[in-house]
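As structure tokens, the structure follows; a few thoughts come after it.
Residue numbers (my numbering), protein chains in the order written: chain D, 1 to 341; chain U, 1001 to 1288; chain P, 2001 to 2238; chain E, 3001 to 3406.
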């Protein structure tokens, strides 16, 4: 770690303050809000995949779970503070249980991918088939394919009438992202984060050192899910409707693509990847010349082939080259291993 | 009694279609340790090739059994040369690249064929069993799957190419040591795998409405079947397709198709948790 | 009489029809240094893996300081204060030497103490010049040395080493020998080894494995001169 | 109180962003019409013709001199069959483009995703698609067919042609669930019996077991409100099993997206349905409409039920603006609430003031050789399902989607 913790925090605060101030002049805050939320979602996978070595094909499951938890709790409670907390807790607990099952079973790599994918599919299929009136949680109808509209959106804690909406909501989301980013920074600098990095590198060795690898991976997985859950709750507030497509494989795929394009093993990469690609998708919606899916796919293929480390490390390298600062190049091996977890 | 027969046929059909949709993926995974996530789109393309060929006046069986596998196999060959070749040995990277390819194919198909559902009618008529009408085409699919499995077995056991392939499956460096270029083996394997995917898509096309995103419905199932099957190609494919097919049909008939699908997925989680290396990683060791 | 730190009773491991480890009864006292030798496939490594928790024995029991640890996970065994080095170098390639050793020290000590201890260990192993290099860039001997450092920095009372001298230069072996002697001041050490040269230079008591079972257990000189041992193992080698 | 606060915030946001957009000034004179449809992705079979209908209708309006002497300009967004993009573009239309009216939304989920946004920003909203009924909101006008209008006509007709025992196979979402309940009601009302009901999520494409199950129940008629590409497989597998000639088949959805042109004659022939529009409708309005459509889109003939519904909606709105003499939302709503009628390719369409739904003609049809032949026309059906729960003249502040108890 080249920078000290204090430098890191200061840099983060200054850059993010600038961005939060400047960006609304370029892009509408409503669109910006969702880019920020996707950034958080990207960060959640970037953390567990890039730093924890856990390849999760079902990050969307936690995103959807957070959004649905928020919607259901908000309908039943009518005030947004507790639902927000639940939306973080429920996915985290779910991930902890799922993670414990997988990691104590010593599942790795592709098998991990299959299980997370299958669990996402199960959730999707279940939620998608809850249109009947018998699927009710408290006062909330699950609604199946059509989802749940019309729930209480974010309010000033304690005052259900004071909605946080429009521009203020953008600032809430942006600040939430900065806080999550700083927490992730802190986590990675802590012993827990450094041990997690060690586990990513070599599980057997970390086990032989006496670390309970399965427990630590489970915790890491749950933290990632908690962040995804928070992003889900914010997304529910933004769209004012939750639908099963939040759980879909397509959504999971997008998160993975964000991480690859942005750069694994970096904190900022997945955020940039998420915001950039989501904005691209938004722009492409205003043209009909080339199919959108085609472009997304092409980007993914080209990145895997030609820039497998992603944008963030490439930009950093470019920056160093231009400004002539010599620093030890990140080891190629490190990046590749990160991917293979 | 008639209903029992119908249920048996439907179950056999479920198993057969799982074998069919997983075969291409299994061949590529078994030989090359590459998971081709564009597999579903290869099937989708097989379907479109068939429909296009039939539209041009080709006999439907020729279109399904010859043209579709050939065309999709060739597309596979191009994909292998352009993309997969650069990523051998990097399991996760190939998964991501083929995932990207699947999106590219969906996009291309959308631009060419549009999102409107298309299809051809089944070339075999239904017939009656007691009070029940059965889809005659189901038998065709069952037969194709059986022939396919026997065919793969015969090729692996009885031909020189099969011997090399088995060698490559065990130890990828062995074929090289024997003087065969692994590059060419991989090319051939990927061609065969893609052709099988194309065949599966073509054969299933008359039963479903085809849209560019049709592949998505297959890939998850095929992926699960192959991984749960484990390292042995044929034994793994057949054993996992049988377990999944039977379980999902039992739940489908007892409750509903949704429960059938969910039962399949839950079984997959249990299987992989209990046998992290797949069924043939624990049982049937050393079989093909 | 010193305390028994490691004991196995009737340890048996079967793979399918093959018995790789056959009713092994083994005892090790505190601060004892013991070498396990035997021809390829004699069951040394299986025994090693059963003791370290990498394998769960089919039958029998493993005790460490009187505590039954049969079927424990490696991390649980390591947490007792047991240092383990596997046959192939098992290090964290992308991390630096310092980070590697720090992680091992951190398991048993708070952050700042872990830092002091890892600095100390780097000095002791004369790794100062490469402390910032990542393990992936180091030579084989250096990696082996770092791995030994990982084991030593945790202050173990029992150290299990699988072929520590494999593939190392004479100079490296010499350094390794010194480190191991250092370790025996505080810990009992078990070494699984092929290299007779190395064993002669370091061993005191030697246990000979043959076909999964213990063939004999005695002082290194007597073992080397034993006709039966020579027949199964040494005779073919020297 | 909270509403005012929101308006204030929303207004402030629009001001800051609008200042940066030069094209707002350019279009200041035109009436701005927002269009939000899935022109790509799985639902584009519905969305593309709807988009064409939008352009055709607006071209017609402009050719006739525009509205109130002003040109109508389209602000169109492609939501790519992604529900999240509806929220996003909905906000874009109301806050940034500040359109005067929004036409669009296809699936009920997409409508619900933007309905509240439109209501909060006081942007008049038209949803012009056949749906499950029950939406009660003064800001929205709906001229799609609701289950009561359609099913009430279809069920007795289909039962007369087959028998009294009915099996229902429905899409497992809001629309299918509610429609299935209406079918049950009308089957009972007509002295029949529902022998089984099954629901299928939209991605189910294998119906083999279902076909066996249906045969066990031995109904005289199967009614299938199935939706989308995957569900189309049912009709092919049904024909492949040779069931076509054994049990009669009716649907409340097949053909809405021109699916009958995808099915072969052997698969489609004899399937009964009931809609507001068929290309085979033999009226002068329809003939002229098809001609204008073909002229504008190079001979294309992809218009279908919901595209025509959309076309009706656009002209209804235009008529409302003409009557009101202004584009002010409240004035236009009041004008529409006088019970404005237009006559389009599907027949006469009248706004029902109490529910903001439409009174329209329902045509009974039968598929024959990839055509939907009109058998009988039932004129001016009331949306009785929504009328049972919704009265906007009595409760103008209502803002719910009712699930009608049957």
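The C-beta atom is built at its ideal place from N, Cα and C for all residues, glycine as well. Predicted, not measured: the structure shown is a model, and the values here were computed from it.
Taking residue i as the reference, which of the options has the closest Cα?
| i | options | result |
| --- | --- | --- |
| residue 1209 of chain U | U/1115, U/1011, U/1138 and U/1086 | U/1115 |
| residue 55 of chain D | D/210, D/252 and D/152 | D/252 |
| residue 1135 of chain U | E/3252, E/3240 and E/3137 | E/3240 |
| residue 1202 of chain U | U/1130, U/1254 and U/1120 | U/1120 |
| residue 1222 of chain U | U/1006, U/1066 and U/1027 | U/1027 |
| residue 2159 of chain P | P/2065, P/2018, P/2042 and P/2081 | P/2081 |
Excluding sequence positions up to five away, which residues of its chain have a Cβ less than 7 angstroms from the Cβ of residue i?
| i | result |
| --- | --- |
| residue 2095 of chain P | 2134 and 2135 |
| residue 2227 of chain P | none |
| residue 3015 of chain E | Reliability fails at residue 3015 of chain E, whose pLDDT of 37 lies under 50, so the model's placement of it is uncertain and the value that follows must be treated cautiously. So the list is empty, once near-sequence residues are dropped. |
| residue 3402 of chain E | 3134, 3136, 3389 and 3390 |
Answer with yes or no whether the minimum CB distance from residue i to chain E is below 8 angstroms.
| i | result |
| --- | --- |
| residue 258 of chain D | no |
| residue 237 of chain D | no |
| residue 1249 of chain U | yes |
| residue 1253 of chain U | yes |
| residue 1115 of chain U | yes |
| residue 19 of chain D | no |
| residue 128 of chain D | yes |
| residue 12 of chain D | no |
Using 8 angstroms for Cβ pairs, my map puts residue i next to residue j. What's the rounded Cβ distance?
| i | j | result |
| --- | --- | --- |
| residue 3110 of chain E | residue 3083 of chain E | 6 angstroms |
| residue 1196 of chain U | residue 1024 of chain U | 4 angstroms |
| residue 1123 of chain U | residue 1257 of chain U | Residue 1123 of chain U to residue 1257 of chain U, Cβ: 25 angstroms. No contact. |
| residue 3344 of chain E | residue 3308 of chain E | 7 angstroms |
| residue 1269 of chain U | residue 90 of chain D | Going by Cβ atoms, the distance from residue 1269 of chain U to residue 90 of chain D rounds to 20 angstroms, so no, they are not a contact pair. |
| residue 1084 of chain U | residue 1190 of chain U | 6 angstroms |
| residue 1043 of chain U | residue 1151 of chain U | So it is not a contact: roughly 18 angstroms between Cβ atoms. |
Does any C-beta atom of chain U lie closer than 8 angstroms to the C-beta of residue i?
| i | result |
| --- | --- |
| residue 3165 of chain E | no |
| residue 29 of chain D | no |
| residue 105 of chain D | yes |
| residue 3200 of chain E | yes |
| residue 115 of chain D | yes |
Report yes or no: is there a C-beta of chain D within less than 8 angstroms of the C-beta of residue i?
| i | result |
| --- | --- |
| residue 2118 of chain P | no |
| residue 1276 of chain U | yes |
| residue 1039 of chain U | no |
| residue 3174 of chain E | yes |
| residue 1044 of chain U | no |
| residue 3388 of chain E | no |
| residue 1942 of chain P | The structure shown has nothing for residue 1942 of chain P, since chain P only spans 2001 to 2238. |
| residue 2093 of chain P | yes |
| residue 2186 of chain P | no |
Does any residue of chain P have a CB that is nearer than 8 angstroms to the CB of residue i?
| i | result |
| --- | --- |
| residue 48 of chain D | no |
| residue 201 of chain D | yes |
By Cβ distance below 6 angstroms, which residues in the same chain neighbour residue i in space, the five residues on each side in sequence not counted?
| i | result |
| --- | --- |
| residue 3141 of chain E | 3126 and 3356 |
| residue 2032 of chain P | 2188 |
| residue 3491 of chain E | Residue 3491 of chain E cannot be examined here, being either before or after the span of chain E that is shown, 3001 to 3406. |
For residue i, I'd like the list of residues in its chain whose CB is within less than 8 angstroms of its CB, leaving aside the five on either flank, ordered along the chain.
| i | result |
| --- | --- |
| residue 3210 of chain E | 3169, 3198, 3200 and 3234 |
| residue 2046 of chain P | 2013, 2020, 2021, 2055 and 2212 |
| residue 3372 of chain E | 3255, 3260, 3273, 3275, 3278, 3279, 3280, 3365 and 3366 |
| residue 1280 of chain U | 1229, 1230, 1231, 1232, 1235, 1236, 1239 and 1287 |
Name, going along the chain, the residues of the segment 3100-3126 of chain E whose beta-carbon falls closer than 7 angstroms to a beta-carbon of chain D. 3108, 3109, 3112, 3113 and 3116
**Report entry** Contact residues within the segment 1134-1149 of chain U, judged by C-beta distance below 9 angstroms to chain E
**Finding:** 1134, 1135, 1136, 1137 and 1138
- If you measure beta-carbon to beta-carbon, which residues of the segment 1094-1110 of chain U are closer than 8 angstroms to chain D? 1095, 1096, 1097, 1099, 1100, 1101, 1102, 1103, 1104, 1105, 1106, 1107, 1108 and 1110
- Message: Tell me which residues of the segment 2047-2078 of chain P have at least one Cβ-Cβ distance to chain D shorter than 9 angstroms, keeping chain order.
- Response: 2052, 2053, 2054, 2073, 2074, 2075, 2076, 2077 and 2078
Quiz item: Going along the chain, which residues of the segment 1012-1027 of chain U sit with their C-beta nearer than 9 angstroms to a C-beta in chain E?
Solution: 1013, 1014 and 1017
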